[in-house]
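Asker: So the sequence shown is numbered by the numbering used here: it starts at -3 and just counts up by one. Below you will find the structure I want to go over with you.
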Amino acid sequence: MNKDYDLVVIGAGIHGAGIAQAAAARGHAVLVLEQRGIAAGTSSRSSKLIHGGLRYLEQFDLRLVRECLRERELLLRIAPRLVHLTPFYIPVYAHTRRRPWQVRAGLSLYALLGGLKAHACFQMLPRRRWDKLQGLRSEGLQAVFRYWDAQTDDAALTRAVMASAQTLGAELCMPAMFDHAVPGATGCDIVFTHAGVARSVWARVLVNAAGPWVARVAARIKSLPPQPPAELVQGTHIVLDRRIVTSIFYVEAPRDGRAIFIMPWHNGTTLVGTTETPYGGDDPARVKPLPEEQQYLLEVVRRYFPQAQANISASFAGLRVLPGGESRVFRRSREIIFTADRPQQARVLSVYGGKLTSYRADAQQALRRLTDALPVRWPIADTRKLPLNPI
Ligand SMILES: Cc1cc2nc3c(=O)[nH]c(=O)nc-3n(C[C@H](O)[C@H](O)[C@H](O)COP(=O)(O)OP(=O)(O)OC[C@H]3O[C@@H](n4cnc5c(N)ncnc54)[C@H](O)[C@@H]3O)c2cc1C
């Protein structure tokens, strides 16, 4: 391990790995510190979708949707063994809040933002094909739409991005717990613990990509300006012991109209999620599914697939970092937020929120914020062209 780096990144989730890869591709000397394991935080507890996020259209988050759809195309190209297109079905019932014309309008806009590629097109299924929909409740069914989006294995994707960063020369120190940092005139002194021993390194820039730990880490960096108000919101998924669907169903929770995905998953199981419950705990590592969240998700399955004989075999919860505010968490922006310790020549950059899907574009944005703080190096690769393979 060197003593001096261009960047030290805290966290080997998708954002830390993505920023390490982008920085190493630009020829920078990079060290990543990870306390537990690659993708040990939120990046192994997502809904595992590489998508534009149809529902963000309801918040008019068009920029986010367009960027995510662009990144989806790119990932389908550079990571074909990790990211694959799959059909999504949206059933519309007499009782559901979104009417067929609204779904049609949303999917039309989604297709437009997706560049009208062949797989950006959607279809309203003819009635004669409804009985092929794997036991989907037919009572009150008014329309079924089919469109295309992509699914991944979030932890595998994160490992692949981290491996790519390492191939480009980035170093990973794990388990390594960041302890504190002291910004100076031209960089930061950083102290962490590795194998029970305190170590220190220096970097021009420290990137705080600690996911739900971001505020805790920020509090251990000396003299940082006030950080943006952020809230931790937990999202639970349940795993059913049988595969009740072979395509993804995108349904409305009967209780509150929230969008829920019912997805085929590994080893003949089904993944169902997610919830949005304000997190009241004080340690992100201890987040766990609540019984009422599991019940809520099971109710959704029973409502739409009444004959499915399946039980919960596992469950997991992850934490979103969302901007603080009065509005319902469902309505808050999913845009990533970067905060720097000073407007020019930042020494510390913190990452709040973001999407798995847009990690690569977000990493480019992070580096643009740091251009004047980092030395000019000879680029060695372009992340738009680097293949990503399962490890
Ligand atoms: C329920 C849920 C579903 C989601 N579904 C999707 C989806 O389908 N598609 C999509 O695009 N996005 C989705 N997202 C968003 C996406 O999963 C997250 O934005 C992304 O995984 C966050 O990655 P991260 O790298 O910022 O954080 P994390 O993955 O949490 O990584 C942070 C890392 O920092 C490490 N760390 C923390 N403190 C320290 C320290 N002191 N020293 C060293 N290391 C430290 C942690 O161990 C951790 O590994 C979802 C999010 C949630 C919560």
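Cβ coordinates follow ideal geometry from the N, Cα and C atoms, glycine included. Note that the structure is predicted; figures quoted are calculated from it, not measured.
1. Near M173, which residues of its chain fall below 7 Å by C-beta distance, leaving aside the five closest residues on each side in sequence?
2. From P319 to D127, what distance separates their C-alpha atoms?
3. Looking at ligand 1, does it come within less than 6 Å of G7, judged from the CB to the closest heavy atom?
4. Just the Cα atoms here: how many angstroms apart are V297 and Y246?
5. Counting pairs of Cβ atoms below 8 Å between the stretch 34 to 50 and the stretch 143 to 160, do you hit three or more?
6. Looking at P260: is its Cβ nearer than 7 Å to the Cβ of V229?
7. Is the stretch 135 to 142 touching the stretch 82 to 97, taking contact as three or more C-beta pairs under 8 Å?
8. According to DSSP, simplified to helix, strand and coil, what is A150?
9. For L53 and Y85, which I take to be in contact (beta-carbon distance under 8 Å), what is that distance rounded to the nearest angstrom?
10. Report whether the distance from the Cβ of E30 to the nearest heavy atom of ligand 1 is below 6 Å.
11. Considering only heavy atoms of ligand 3, does any lie closer than 6 Å to the CB of M259?
12. Which class does D185 belong to by DSSP, given the choice of helix, strand or coil?
13. Within 10 angstroms of the Cβ of R155, are there 16 or more other Cβ atoms? Answer buried if so, exposed if not.
14. In this structure, does DSSP put M259 in helix, strand or coil?
15. Given that a residue counts as buried once 16 or more other Cβ atoms are within 10 Å of its Cβ, and exposed if not, what is W209?
16. Which word fits K381, buried or exposed, when buried means at least 16 other C-beta atoms lie within 10 angstroms of its C-beta?
17. Using 8 Å as the threshold, is the stretch 243 to 257 in touch with the stretch -2 to 17, meaning 3 or more CB pairs across them?
18. May I have the straight-line CA-CA distance separating T338 from V79, to the nearest angstrom?
19. Does the structure place the stretch 338 to 356 close enough to the stretch 173 to 185 that three or more beta carbon pairs sit under 8 Å?
20. What did DSSP end up calling M(-3) once you bin it into helix, strand or coil?
21. Check for me: the beta strand (DSSP E) holding L27 runs from which residue to which?
22. In angstroms with no decimal places, state the Cα-to-Cα distance between D390 and L45.
23. Can you list, in chain order, the residues of its chain with a C-beta nearer than 6 Å to that of L293? Leave out the 5 residues immediately preceding and following it.
24. Among Y1, W374, E69, A25, which residue has its Cα nearest to the Cα of R356?
25. Compute the Euclidean distance between the alpha carbons of Q55 and V317, then round it to the nearest angstrom.
26. Answer yes if the stretch 194 to 206 comes into contact with the stretch 15 to 29, meaning at least three C-beta pairs across the two stretches below 8 Å, and no otherwise.
27. Are there 16 or more other CB atoms within 10 angstroms of the CB of P285, so buried, or fewer, so exposed?
28. Which residues in the same chain have their Cβ closer than 6 Å to the Cβ of A313, if we skip the five residues on either side of it in sequence?
29. Indicate the three-state DSSP secondary structure (helix, strand or coil) for G231 in the structure shown.
30. Identify, in the order they occur along the chain, each residue of the same chain with its Cβ nearer than 7 Å to the Cβ of S160, setting aside the five sequence neighbours on each side.
31. Using a 10 Å radius around the Cβ and a threshold of 16 neighbouring Cβ atoms, would you call I258 buried or exposed?
32. Between Q305 and L236, what straight-line distance do the alpha-carbon atoms span, to the nearest angstrom?
33. Check whether chain D comes within 7 Å of Y143, counting only Cβ atoms and requiring the distance to be less than that.
Answerer: Quick look at the numbers:
1. Counting from 1 along the sequence shown, the entry for residue 173 is found at position 177. Correct list, in chain order: Q31, F188, T189.
2. By 1-based counting over the sequence shown, the position of residue 319 is 323. By 1-based counting over the sequence shown, the position of residue 127 is 131. Their Cα atoms are separated by approximately 43 Å.
3. For the purposes of this step, residue 7 is taken as residue 11 along the sequence shown, with counting starting at 1. Because some heavy atom of ligand 1 lies under 6 Å away, the Cβ of G7 counts as near it: yes.
4. Mapped onto the sequence shown, residue 297 falls at position 301. Mapped onto the sequence shown, residue 246 falls at position 250. Answer to the nearest angstrom: the Cα atoms are 11 Å apart.
5. yes
6. Working through the sequence shown from its first residue, we reach residue 260 at position 264. Working through the sequence shown from its first residue, we reach residue 229 at position 233. If you check the CB distance, P260 and V229 do not come in under 7 Å.
7. yes
8. Here residue 150 corresponds to residue number 154 of the sequence shown, with the count starting at 1. Reading off the sequence, residue 150 comes out as Asp, not Ala. Three-state DSSP puts D150 in a helix.
9. Counting from one through the sequence shown, the residue named residue 53 turns up at place 57. Counting from one through the sequence shown, the residue named residue 85 turns up at place 89. 18 Å between Cβ atoms; not a contact.
10. Counting from 1 along the sequence shown, the entry for residue 30 is found at position 34. At least one heavy atom of ligand 1 is nearer than 6 Å to the Cβ of E30, so yes.
11. Absence of ligand 3 from the depicted structure is noted, with ligand 1 being the only ligands included.
12. Counting from 1 along the sequence shown, the entry for residue 185 is found at position 189. Of the three classes helix, strand and coil, the one that applies to D185 here is strand, per DSSP.
13. Taking the first residue of the sequence shown as 1, we reach residue 155 at position 159. Buried: at least 16 other Cβ atoms inside 10 Å.
14. Taking the first residue of the sequence shown as 1, we reach residue 259 at position 263. DSSP places M259 in strand when its eight states are reduced to three.
15. What you label residue 209 is simply residue 213 of the sequence shown in a count that begins at 1. W209 is buried by the Cβ-count criterion.
16. In the sequence shown, residue 381 corresponds to position 385, counting from 1. K381 should be labelled exposed.
17. no
18. Taking the first residue of the sequence shown as 1, we reach residue 338 at position 342. Taking the first residue of the sequence shown as 1, we reach residue 79 at position 83. According to the sequence provided, residue 338 is Arg. The question's Thr does not apply to it. Annotation: R338 to V79 spans about 37 Å, alpha carbon to alpha carbon.
19. yes
20. Numbered from its first residue, the sequence shown carries residue -3 at position 1. Reduced to three states, the DSSP call for M(-3) is coil.
21. Here the question's residue 27 lines up with position 31 in the sequence shown. Note, L27: beta strand (DSSP E), 26 to 29.
22. This structure leaves residue 390 out entirely; the chain is present only between -3 and 387.
23. Residue mapping note: residue 293 aligns to position 297 of the sequence shown, counting from 1. Contacts found: I234, V268.
24. The sequence position of residue 356 within the sequence shown is 360, counting from 1. Out of Y1, W374, E69, A25, E69 has the C-alpha closest to the C-alpha of R356.
25. In the sequence shown, residue 55 corresponds to position 59, counting from 1. In the sequence shown, residue 317 corresponds to position 321, counting from 1. Rounded to the nearest angstrom, the two C-alpha atoms are 18 Å apart.
26. As far as the Cβ criterion goes, the stretch 15 to 29 touches the stretch 194 to 206, which means the pair count is three or higher.
27. Taking the first residue of the sequence shown as 1, we reach residue 285 at position 289. When all chains shown are included, P285 counts as buried.
28. The residue labelled residue 313 in the question sits at position 317 within the sequence shown. Excluding residues within five positions, the ones whose Cβ falls inside 6 Å are Q230, T232, V283, K284, P285.
29. The residue given as residue 231 occupies position 235 in the sequence shown. G231 falls in the strand class under three-state DSSP.
30. Residue 160 sits at position 164 when you count from the first residue of the sequence shown. Result list for S160: Q17, L382, L384, in chain order.
31. Position 262 of the sequence shown, counted from the first residue, corresponds to residue 258. Under this definition I258 is a buried residue.
32. Position 309 of the sequence shown, counted from the first residue, corresponds to residue 305. Position 240 of the sequence shown, counted from the first residue, corresponds to residue 236. When rounded, the distance between both Cα atoms is 9 Å.
33. In the structure shown, chain D does not exist; there is a single protein chain.
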